[in-house]
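Residue numbers (our numbering), protein chains in the order written: chain A, 6 to 250; chain B, 6 to 250. Structure first, then comments.
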């Protein structure tokens with residue numbers, strides 16, 4: 006039996022997130038079903054992350070153990086032919102037997118896209134969050150730097166988060182504009198449940214004047230979710246890169 | 006009663022083209038229904054073009070005559086709120102009473118996008134045609150120049166085309182690559198039924214060596230549809246610009 010490290014990408018619009026559920030169709034179920042149809046093996050895939058309903062991935066890794074004699078290239082092309090066109094395997098390689106896509110992950114980069122316009126754009130439907138009020142990207146970029154570093158992000162994760170340790174390190178957090186599109190790019194060693202969407206939502210509160218930049222440190226120190234901004238919608242969120250050592 | 010010139014954009018994936026049909030949902034029906042819900046008026050919209058099922062528009066004009074006292078801005082925002090997010094009105098202005106979006110159109114620009122890759126990209130699903138075999142964009146660009154100018158395009162339109170006059174002038178036809186994406190950009194005074202998709206399909210035959218560039222003139226002169234390449238799928242086609250004098 007070999008352990009494969011597989012990179013994929015997906016448009017998450019039509020899936021209830023990555024992780025298999027009893028009552029909803031997920032990325033995991035789609036991929037496991039395709040692998041079964043290709044190889045005849047009932048294999049569990051181990052994802053690098055859970056993504057929520059509607060969240061996208063430009064780069065997502067999973068590992069899976071298979072007996073099959075099919076080559077890596079054959080797995081990629083075979084599974085792609087069996088999957089819908091909103092999920093694609095990109096690469097496949099044989100990994101060390103102990104490799105685990107989640108436990109071995111050393112960091113991740115997410116991008117959150119906001120279409121900052123009064124008028125909707127049909128081509129960004131489900132692919133970006135549309136926000137009418139003008140975004141001050143320089144202010145938000147400067148404010149975002151307060152989150153960079155090692156902090157307890159208890160106040161910036163979902164109340165449903167069950168992790169004991171909520172300390173994470175953000176390596177980079179930039180806010181840039183290209184025309185009507187504002188990109189929030191964030192890289193760190195790990196992210197809590199809804200953390201990226203709450204950080205972006207908190208910056209939008211700063212944009213709206215509901216929170217002053219000076220209060221961000223207080224909010225972090227409070228460890229109180231209710232002081233941060235609201236969770237922005239999933240459609241703007243992309244898992245962009247996953248780092249392994 | 007005022008005559009309005011309205012610009013819109015749409016992702017055509019889920020519509021059976023622009024023109025109203027008895028048994029299928031179209032862009033025209035969606036927009037006319039939204040206009041009715043906003044104004045209470047049963048108005049016909051006159052489009053600059055018919056687009057086929059699955060074809061997209063970044064810029065599409067129609068005109069419509071309305072009694073409403075709602076402002077242009079109110080029409081844009083009101084209709085956008087009533088439409089699905091894959092159609093958007095972009096601008097609205099009062100036009101001369103005799104303005105007609107189709108008859109007054111002086112030219113159009115289309116883009117056809119080919120994702121030239123062995124591996125599918127979930128984010129180009131329904132938005133580009135995926136073509137595996139490597140595209141020689143320089144060869145195709147050079148060959149495309151043979152179509153530029155005034156020609157009888159009878160051999161490059163659908164056999165179902167009922168136009169008597171099939172002479173059209175192509176002002177520009179370029180083929181360029183950006184990474185895995187190959188763009189066919191074509192501007193002319195008018196286009197016949199399926200003409201852009203057949204021109205691109207013919208260039209793909211040149212790419213595959215099924216047609217030599219030297220035969221293009223012969224194909225035009227033959228006025229025989231069966232000598233040109235096949236009609237490429239609609240998902241890669243975008244109406245890009247519409248010109249009025």
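Yeah, the Cβ is synthetic: ideal placement off N, Cα and C, and Gly gets one too. Predicted model only: the values in this text are computed from it and were never measured.
Residue i, buried or exposed, once every other Cβ within 10 Å from all chains shown has been counted against 16
i	result
residue 108 (chain A)	exposed
residue 137 (chain A)	exposed
residue 234 (chain A)	buried
residue 177 (chain A)	exposed
residue 52 (chain B)	buried
residue 206 (chain B)	buried
residue 68 (chain A)	buried
residue 83 (chain B)	buried
residue 123 (chain B)	exposed
residue 49 (chain A)	exposed
residue 155 (chain A)	exposed
residue 125 (chain A)	buried
residue 66 (chain B)	buried
residue 35 (chain B)	buried
residue 37 (chain B)	buried
residue 42 (chain A)	exposed
residue 236 (chain A)	buried
residue 100 (chain A)	buried
residue 47 (chain A)	exposed
residue 183 (chain B)	exposed
Within-7 Å CB hit, residue i to chain A
i	result
residue 128 (chain B)	yes
residue 93 (chain B)	yes
residue 243 (chain B)	no
residue 90 (chain B)	yes
Cβ pair residue i, residue j closer than 7 Å
i	j	result
residue 208 (chain A)	residue 118 (chain A)	no
residue 111 (chain B)	residue 243 (chain B)	no
residue 171 (chain B)	residue 194 (chain B)	no
residue 127 (chain B)	residue 149 (chain A)	no
residue 166 (chain B)	residue 198 (chain B)	yes
residue 212 (chain B)	residue 115 (chain B)	no
residue 161 (chain A)	residue 216 (chain A)	no
residue 93 (chain A)	residue 86 (chain A)	no
residue 142 (chain A)	residue 201 (chain A)	no
residue 186 (chain B)	residue 120 (chain B)	yes
residue 26 (chain A)	residue 55 (chain A)	no
residue 71 (chain B)	residue 96 (chain B)	no
residue 3 (chain B)	residue 159 (chain B)	Chain B is shown only over 6 to 250; residue 3 (chain B) falls outside these bounds and no answer can be derived.
residue 164 (chain B)	residue 230 (chain B)	yes
residue 130 (chain A)	residue 91 (chain B)	yes
residue 88 (chain A)	residue 39 (chain A)	yes
Chain B within 7 Å of residue i, Cβ atoms only
i	result
residue 124 (chain A)	yes
residue 133 (chain A)	no
residue 255 (chain A)	Not covered by the structure: residue 255 (chain A). The range shown for chain A is 6 to 250.
residue 15 (chain A)	yes
Segment limits, alpha helix (DSSP H) that includes residue i
i	result
residue 41 (chain B)	32-44
residue 80 (chain B)	77-87
residue 200 (chain A)	200-213
residue 146 (chain B)	142-149
residue 227 (chain B)	221-227
Terminal residues of the beta strand (DSSP E) in which residue i lies
i	result
residue 119 (chain A)	110-120
residue 105 (chain A)	Unbroken run through residue 105 (chain A): none, as it is neither H nor E.
residue 157 (chain A)	154-157
residue 176 (chain B)	172-183
residue 190 (chain A)	186-193
residue 71 (chain A)	61-71
residue 247 (chain B)	242-249
residue 6 (chain A)	Looking at the DSSP string, residue 6 (chain A) is not in any beta strand (DSSP E), and its letter there is neither H nor E.
Cβ pair count under 8 Å reaching 3, the stretch 9-25 of chain A against the stretch 66-79 of chain A: yes
Three-pair Cβ contact test at 8 Å for the stretch 187-201 of chain B versus the stretch 218-226 of chain B: no
The stretch 19-39 of chain B / the stretch 51-68 of chain B touching (three or more Cβ pairs under 8 Å): yes
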